[in-house]
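Residues 798 to 1106 (the numbering used here) make up the sequence shown, in order.
Presented below is the structure to which this report refers.
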Amino acid sequence: MKHFINLKDIPTKDLRKILMHAKKRKQTRSELNTLQLDKDVPLKGKLLIQMFEKSSLRTRLSFYLAIRQLGGGTITLRSNELHIGSGGESLEDTAKILSTYGDGFMLRTNSDLKIDNFKKHLSIPIINGLSPSSHPTQVLSDIFTIEEIKKKDISKLKIAWVGDSNNVLNSLIAASVKFSFKLNIGCPKNYEPKKFILDWVESKKKKLFIFNSAKKAVENVDVIFTDKVISLNDKVNKKKKIKDFRNFKINKKLMSHAKKDCIFLHCLPRGNEVEDKVFKSKNSKVWLQALNRVHVQKSILLYCFGKLR
Ligand code: CP
Ligand code: NVA
């Protein structure tokens, strides 16, 4: 049984296989409508249980479409509607019931430890749909989008992240190690990635390029990523943090330091970290980025269900 929890723990050859399969499957349904099933219906009769402890628009809908198109179904739970949410049932018993009724479990959570504990007690695969430390389904899908647009292996491209050192960046860092691409990070002083992440990169004999200047981070890059300065449930002094990031906004001037055909990506939802003019420009590929989550997550589901060929 395969779980999908953190990119850093998944072999590169498996990640590559997921991407290649997503590409093939996306091509084969170009003529199909949203809820038409893929011809081979590989997950016919399977149920994915999704549970959210935090808000979600894209992850919820893209997993719904992903499992439906593969022939299965999904049910979405809010943890506060279950006994576990009010402390009325243990995680262990909840996991047992989820494994009895469902075939896969997708969790968006406030706690990385909870994912580990569920993994321990579930007998079905678990997928991390965003945790405080990572957002692996998002980032794997973003690699797919970049390679689709640039028609090149990502190892041949220069990527910049300008913004907070958050869960999405952690997964992007893991991807940069797994897929060997150059990653520049632009963030204010004291907002750099945590030491244990930098140590992990070093242990893999890879290098990140960290700048306390947005301009330096984006010079001559092929892709610029950003994300909200304040993440879901970020318990910080919001006013101060937003002020600290004032020179790290993605605007036209900043984009002009990157390559001419540089694309802009944002996992969404957005805040004020990107100017409207950039967000709505032809270089911005955010809508394709969101759409591709369906295709890559289908492949992730097949991987977890042992059906990836
Ligand atoms: N990008 C992303 O995960 O969006 P949601 O929070 O809407 O799921
Ligand atoms: N970093 C953001 C991503 C949202 C999809 C957050 O955790 O809120």
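Even for Gly, the Cβ is constructed at its ideal location relative to N, Cα and C.
Which first and last residues belong to the beta strand (DSSP E) in which residue i is found?
i	result
residue 1020	1020-1023
residue 957	955-959
residue 1061	1060-1063
residue 946	Element bounds for residue 946: not the beta strand (DSSP E) but the alpha helix (DSSP H), 933-947.
residue 910	That residue, residue 910, is in no beta strand (DSSP E); its alpha helix (DSSP H) goes 909-918.
residue 923	923-925
residue 1040	Segment 1035-1041 is the alpha helix (DSSP H) holding residue 1040; no beta strand (DSSP E) there.
residue 979	979-983
residue 901	901-905
residue 847	844-849
residue 1006	1006-1008
residue 870	870-875
Please classify residue i: is it buried, with 16 or more other beta-carbons within 10 angstroms of its beta-carbon, or exposed?
i	result
residue 808	exposed
residue 908	exposed
residue 932	buried
residue 872	exposed
residue 934	buried
residue 1006	exposed
residue 897	exposed
residue 885	exposed
residue 1082	buried
residue 822	buried
residue 961	buried
residue 854	exposed
Which first and last residues belong to the alpha helix (DSSP H) in which residue i is found?
i	result
residue 891	888-898
residue 817	809-825
residue 1088	1083-1101
residue 866	855-866
residue 995	992-1000
residue 1052	1049-1052
residue 975	964-975
residue 1076	1073-1076
residue 1015	1011-1015
Return the Cβ separation of residue i and residue j in integer angstroms, given the expectation that the two are a contact with Cβ distance under 8 Å.
i	j	result
residue 1045	residue 983	6 Å
residue 956	residue 1018	6 Å
residue 959	residue 974	Not quite, the Cβ-Cβ distance comes to about 20 Å (not below 8 Å), so this is no contact.
residue 867	residue 835	6 Å
residue 804	residue 972	6 Å
residue 864	residue 1098	6 Å
residue 1062	residue 1020	6 Å
residue 889	residue 918	5 Å
residue 969	residue 980	7 Å
Beta carbon shell of the ligand CP at less than 7 Å from a heavy atom: 852, 853, 854, 855, 856, 857, 927, 932, 935, 1064, 1065 and 1066
Are the region 1080-1096 and the region 927-942 touching by the rule of at least three beta carbon pairs closer than 8 Å? yes
Using a Cβ distance threshold of 8 Å, determine whether the region 1025-1042 contacts the region 806-825, with at least three qualifying pairs required. no
If you pair each beta-carbon of the region 1064-1077 with each one of the region 832-843, do three or more pairs fall below 8 Å? no
Is it true that the region 1050-1066 meets the region 820-840, where meeting means three or more beta-carbon pairs spaced less than 8 Å apart? no
Quick check: the region 915-928 against the region 988-1004, are at least 3 beta-carbon pairs closer than 8 Å? In this structure the region 988-1004 does not touch the region 915-928; the number of beta carbon pairs closer than 8 Å is below three.
The region 903-922 contacting the region 849-863, beta-carbon criterion three pairs below 8 Å: yes
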